[in-house]
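See below for the structure under consideration.
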Amino acid sequence: MKKQNFGIEIELTGITRRKAADVIAKYFGTNSRHAGGAYDPYTATDRKGRIWRAMTDGSIRTKRRENGALINANRDYSCEVVSPILQYEDMDDLQEIIRLLRKAGAIANESCGIHVHVDGKDHTPESLTRLMGFAIGRQDLFYEALGIGDRANHWCKKINRQLLQAMRKDAIRTRESLERIWYSAVNDGYTGGIDHQHYNSSRYHGINLHAFFTKGTVEFRLFNGTTHAGKIKSYIQFCLSISAWALDCPNERLFFKGCQDYTAEQKYTLMASVLKNRLGLRGKEFKTCRQHLTAVFHPQAEAAAA
């Protein structure tokens with residue numbers, strides 16, 4: 003799990019892009035600059051020479067604080083922090099940056115989300131089929147655990163089973179055949195053909211393979227915005243563990259019966275079991291990860307992790 007590279011996009015407001023870049027640059031002891039151009043980014047360089055960006059995003063409802071109250075703000079306060087390619091060893095730096103941004107005024111309102119990109123270089127059509135099967139079988143549980151709510155209607159749609167069935171029936175199992183399936187009618191009736199434009203509509207799913215075909219990453223769009231560094235770490239661990247499971251597990255057809263009639267306590271037990279027994283997020287190291295990802299079913303557990 004920890005050997006995989008990843009990146010993260012964190013949508014924020016309450017802070018300007020300029021200020022966010024300044025905060026990141028100050029942490030690394032470097033300088034920020036206004037790069038300009040598309041998405042009007044401000045950038046900061048880290049100790050390894052990698053570029054962090056604070057970019058505008060049209061979906062963010064901008065706010066700022068004035069005399070302790072949140073009021074509407076101009077587009078300078080649309081701030082999506084985009085990390086460079088990170089390794090697991092960068093997690094402490096990422097968490098500290100999030101804390102400093104929060105201290106500087108950053109907030110995440112209901113218009114904000116978090117997207118985690120996991121490096122797809124080791125993934126094959128077989129592993130991606132396993133990944134999608136794992137996620138689809140459990141997505142009702144995951145969507146409830148993550149509190150996705152209305153975002154599932156547009157920005158973070160569930161994957162439909164027809165797509166998975168087509169992936170499993172594919173006798174060729176090449177990157178090209180998988181690409182044809184993704185950009186086809188089995189994916190929510192999509193009819194636009196193979197299209198690598200950034201804003202292709204197929205991207206708006208909880209697990210987005212449009213990113214795989216355009217950037218070489220598997221994108222997880224499952225997370226509500228937050229400035230809680232511990233929660234963001236748990237989201238990254240969750241994504242890395244699903245990807246690692248898909249790469250390593252030989253069986254793509256593990257049975258999962260669903261949980262629509264389960265009580266909250268039963269869902270808590272089931273989610274905890276998935277995290278520990280399927281994804282390997284067990285032991286003291288991942289205790290807070292499990293607490294954050296089961297908190298909706300067991301709120302007192304998250305309080306202990308705060």
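Position one of the sequence shown corresponds to residue 3 (this note's numbering), numbered consecutively onward.
Just so it is clear, CB atoms sit at the ideal spot from N, CA and C, and this is done for glycine as well.
Source: prediction; values computed, not measured.
- In the three-state reduction of the DSSP assignment, Phe225 falls in the strand class, which pools E and B.
- The beta carbon of His212 lies closer than 6 Å to those of Asn202, Ser204 and Arg205 in the same chain, with the five residues before and after it left out.
- Taken in chain order, the whole alpha helix (DSSP H) runs of length 4 or more contained in the segment 112-188 are 127-147, 163-171 and 177-184.
- Under a 10 Å Cβ-count criterion, Asn226 is classified as buried, with 16 or more other Cβ atoms of the shown protein chains found around its own Cβ.
- Put simply, of Glu13, Ala56 and Lys21 the residue whose alpha carbon is nearest the alpha carbon of Ser113 is Glu13.
- Residue environment: Gly135 is assigned as buried (16 or more neighbouring CB atoms within 10 Å of its CB, all protein chains considered).
- In this model, Ser61 and Leu165 are separated by some 27 Å (Cα to Cα).
- Across the set Glu68, Asp48, Lys4 and Arg101, the C-alpha of Arg101 shows the shortest separation from the C-alpha of Gly232.
- When only Cα atoms are considered, Met57 and Asp263 end up about 43 Å apart.
- In its chain, beyond the 5 residues on either side, Tyr206 and His207 have a beta carbon closer than 6 Å to the beta carbon of Lys159.
- Counting along the chain, no beta strand (DSSP E) covers Tyr206, and no H or E run does either.
- Within the same chain, and ignoring the five residues on either side of Ile183 in sequence, the residues whose Cβ sits closer than 8 Å to its Cβ are Leu165, Ala168, Met169, Asp172 and Asn189.
- Within a 10 Å sphere around the beta-carbon of Asn210 sit 16 or more other beta-carbons, which makes this residue buried.
- Selection Thr32, Ser129 and Phe222 evaluated against Thr176 yields Ser129 as nearest (Cα-Cα).
- The secondary-structure analysis by DSSP pairs Ser34 across a beta bridge with Ala46.
- Gly285 is positioned such that its CB atom lies no closer than 8 Å to that of Ser243.
- Per the coordinates, the alpha-carbon of Ile10 lies some 10 Å from the alpha-carbon of Arg223.
- The distance from the Cβ of Gly16 to that of Lys65 is about 6 Å, consistent with a contact at the 8 Å cut-off.
- Taking the Cα positions, Ala297 is about 25 Å away from Asp95.
- By the CB criterion at 8 Å, Leu143 and Leu272 fall inside the cutoff.
- Secondary-structure assignment with DSSP links Phe8 through a beta bridge to Leu88 and Val120.
- Between the alpha carbons of Gln89 and Lys5 lies a distance of about 7 Å.
- In the three-state scheme derived from DSSP, where H, G and I count as helix and E and B as strand, Ala40 is classed as coil.
- For Leu96, there is no enclosing beta strand (DSSP E); the enclosing alpha helix (DSSP H) covers residues Met93 to Lys105.
- If you ignore the 5 residues before and after Tyr41, its C-beta comes within less than 7 Å of the C-beta of Met57 and Thr58, all in its own chain and listed in chain order.
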